[in-house]
Amino acid sequence: MRKSFRGGVCKQKQAATRSAGIFWYAGVRRRGAVTHGILGKELLVIRRTLGRTGLEVSQLGYGSMGIRGPNTWGVRVASDEAAEAILNQTLDAGINFIDTAPDYGISEERIGRYIGSRRGEFFLATKCGCAYVQHDDHIHIEHDYKPDVVRRNLETSLQRLRTDHVDVLQFHGGDAKTLEREGLIDLLEDFRRQGLVRFIGTSSSLPNLPDLIALGVFDTFQIPYSCLAPQHHDWISRAAATGAGIIIRGGIAHGGPDAEIQRPALNDVWQRANLDELLTEGMQRAELVLRYTLSHPDCHTTIVGTCNPRHLAENLSAAERGPLPASLYEEITRRVSQAIA
């Protein structure tokens, strides 16, 4: 297994907390540095085992949609300089799980260009099933689950990411019948035998999740979930019960009036549930949303995308505080359940 974090580690504190699944890190990579490069203080980063993969991943992962480039899907344009800075700050902070996809603009190229030399410091997940369709003035990417598309996706991703393997290759959507009919699970297993892929997973949601879980072949599931979109709560646990690692997406960006990507329907849930009333002194909305997600007992990592160093710092600080108190978690759940009933 590849080493997940190098450089700048306070070994004495790391050894004292390793058994509890907590790792001390220093954000500046210079040897012997003891301060965090973003917050200017020492923090604890919690790592969890990603199911049967055995990978020890930071509970806060990085989702690379925020560095995709073109202003698509409501994401702000990120310059090359901003992308380089945020990727390196992410690793400096001890985050060791990065998720991307062929249809996240130029995110794969940027990961390869700006942190490819630090490949031994993080686990890398990308996706497949993305076909490039040339339109009049742009390239549009559609989901296509043909073997040649999947094979081309992986070949292209490895080139862009400047690596010889990915730790997790995930189907980007797709239902169980399609994946079986096209022989795609066997294809990904062949990639694994070649050493191109370590583990196979799927990024999916209802109504496809039950049949995908029933296949019993996936090492990881990437599933949307937040306090404002809790529909997958029980299905996360059912997927985890198979031994699979659970990657939560939308654990913060898909909820809350302060989210970088605004979703009015979810913001309306926030207001109807009157969640502002539950914010404790000094707690920001984003912290409540993120810590609610981290409170799910089967959340191994939640991927959060940003190109804003301040937001990264706030997310790290919130994650350090850990799950919400049980009483607060239960009250949020009760209010949201009533709001969406």
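FYI, this note's numbering numbers position 164 of the sequence shown as 270, with every residue one higher than the one before it.
Even glycine gets a Cβ: it sits at the ideal position worked out from N, Cα and C.
- Query: For A350, does the three-state DSSP call read helix, strand or coil?
  - Reply: For the purposes of this step, residue 350 is identified with residue 244 of the sequence shown, where counting begins at 1. Of the three classes helix, strand and coil, the one that applies to A350 here is coil, per DSSP.
- Task: Take every Cβ of the segment 195–207, pair it with every Cβ of the segment 437–446, and state whether three or more of those distances are shorter than 8 Å.
- Result: No, the segment 195–207 is not in contact with the segment 437–446.
- Unbroken alpha helix (DSSP H) run spanning A191, endpoints: To locate residue 191, count along the sequence shown from 1; it is residue 85. First-last of the alpha helix (DSSP H) with A191: D186 to D198.
- Message: Can you tell me which residues form a DSSP beta bridge with K283?
- Response: Translated into positions along the sequence shown, residue 283 becomes position 177. For K283, DSSP records no beta bridge to any residue.
- Message: According to DSSP, is Q300 part of a helix, a strand, or is it coil?
- Response: In the sequence shown, counting from the first residue as 1, residue 300 sits at position 194. Coil, per DSSP.
- In this structure, what does DSSP give as the bridge partners for P316? Translated into positions along the sequence shown, residue 316 becomes position 210. None, per the DSSP bridge assignment.
- Message: Closest to Y331 by C-alpha separation, out of T407, G301 and T412, would be which residue?
- Response: Reading the sequence shown from its first residue, position 225 is the one you call residue 331. Nearest option by C-alpha distance: T407.
- Kindly indicate which three-state DSSP category E288 falls into: helix, strand or coil? In the sequence shown, the residue the question calls residue 288 occupies position 182. The answer is coil: DSSP assigns E288 none of H, G, I, E or B.
- Message: Classify S433: buried if its beta carbon has 16 or more other beta carbons within 10 angstroms, exposed otherwise.
- Response: Taking the first residue of the sequence shown as 1, we reach residue 433 at position 327. Label assigned to S433: exposed.
- Under 8 Å between the Cβ atoms of L396 and G357? Taking the first residue of the sequence shown as position 1, residue 396 is located at position 290. Taking the first residue of the sequence shown as position 1, residue 357 is located at position 251. Yes.
- Task: Identify whether Y504 lies in helix, strand or coil by the three-state DSSP scheme.
- Result: No statement about residue 504 is possible, as the shown extent of the chain runs from 107 to 447 and does not include it.
- Task: Identify which residue in Q337, L285, S423 and Y220 has its Cα closest to the Cα of L372.
- Result: For the purposes of this step, residue 372 is taken as the residue at position 266 of the sequence shown. The shortest C-alpha to C-alpha distance from L372 to any of Q337, L285, S423 and Y220 is the one to Q337.
- Item | CB of G157 within 8 Å of CB of I438, strictly | Here residue 157 refers to the residue found at position 51 of the sequence shown. Here residue 438 refers to the residue found at position 332 of the sequence shown. Cβ distance not < 8 Å, so G157 and I438 don't count as in contact.
- In this structure, does DSSP put S309 in helix, strand or coil? As a working note, residue 309 is residue 203 in the sequence shown. Of the three classes helix, strand and coil, the one that applies to S309 here is strand, per DSSP.
- Is DSSP giving I212 helix, strand or coil here? On the sequence shown, position 106 is the one that residue 212 refers to. Coil at I212, not helix or strand.
- Message: Less than 8 Å between the C-beta atoms of F450 and S311, yes or no?
- Response: Here the chain covers residues 107 to 447 and nothing more, so residue 450 does not appear.
- Query: Which same chain residues, not among the five before or five after R268, have their C-beta less than 6 Å away from its C-beta?
  - Reply: As a first step, residue 268 must be located in the sequence shown, where it is residue number 162. If we look at R268 and ignore the five residues flanking it on each side, its Cβ neighbours are G218 and G222.
- Query: What is the rounded straight-line gap between the Cα of G428 and the Cα of R287?
  - Reply: The count along the sequence shown starts at 1 and reaches residue 428 at position 322. The count along the sequence shown starts at 1 and reaches residue 287 at position 181. If I take the Cα positions, the gap works out to 42 Å.
- Sufficient close CB pairs (3 or more, under 8 Å) joining the segment 383–391 to the segment 162–172: Too few Cβ pairs lie closer than 8 Å, so no.
- Task: Leaving out five residues on either side along the sequence, give the residues of the same chain with a beta carbon under 7 Å from the beta carbon of L285.
- Result: Working through the sequence shown from its first residue, we reach residue 285 at position 179. Excluding sequence neighbours, L285 sits near Y251, F277 and I291.
- Query: Can you tell me the Cα-Cα spacing of Y435 and L384, whole angstroms?
  - Reply: For the purposes of this step, residue 435 is taken as residue 329 along the sequence shown, with counting starting at 1. For the purposes of this step, residue 384 is taken as residue 278 along the sequence shown, with counting starting at 1. Cα-Cα distance, rounded: 10 Å.
- Query: Using the rule of at least 16 other Cβ atoms within 10 Å of the residue's Cβ for burial, across every protein chain shown, is Q265 buried or exposed?
  - Reply: One-based indexing of the sequence shown puts residue 265 at position 159. Classification of Q265: exposed, given that the 10 Å Cβ count is below 16.
- Query: On the three-state DSSP scale, how would you describe A432?
  - Reply: Here residue 432 refers to the residue found at position 326 when the sequence shown is read from its first residue. Residue state, collapsed to three classes: helix.
- Chain-order list of residues whose beta-carbon lies under 8 Å from that of S401 (same chain, five-residue window excluded): Against the sequence shown, residue 401 aligns to sequence position 295. For S401, where only same-chain residues beyond five positions count, the Cβ hits under 8 Å are P429, L430 and Y435.
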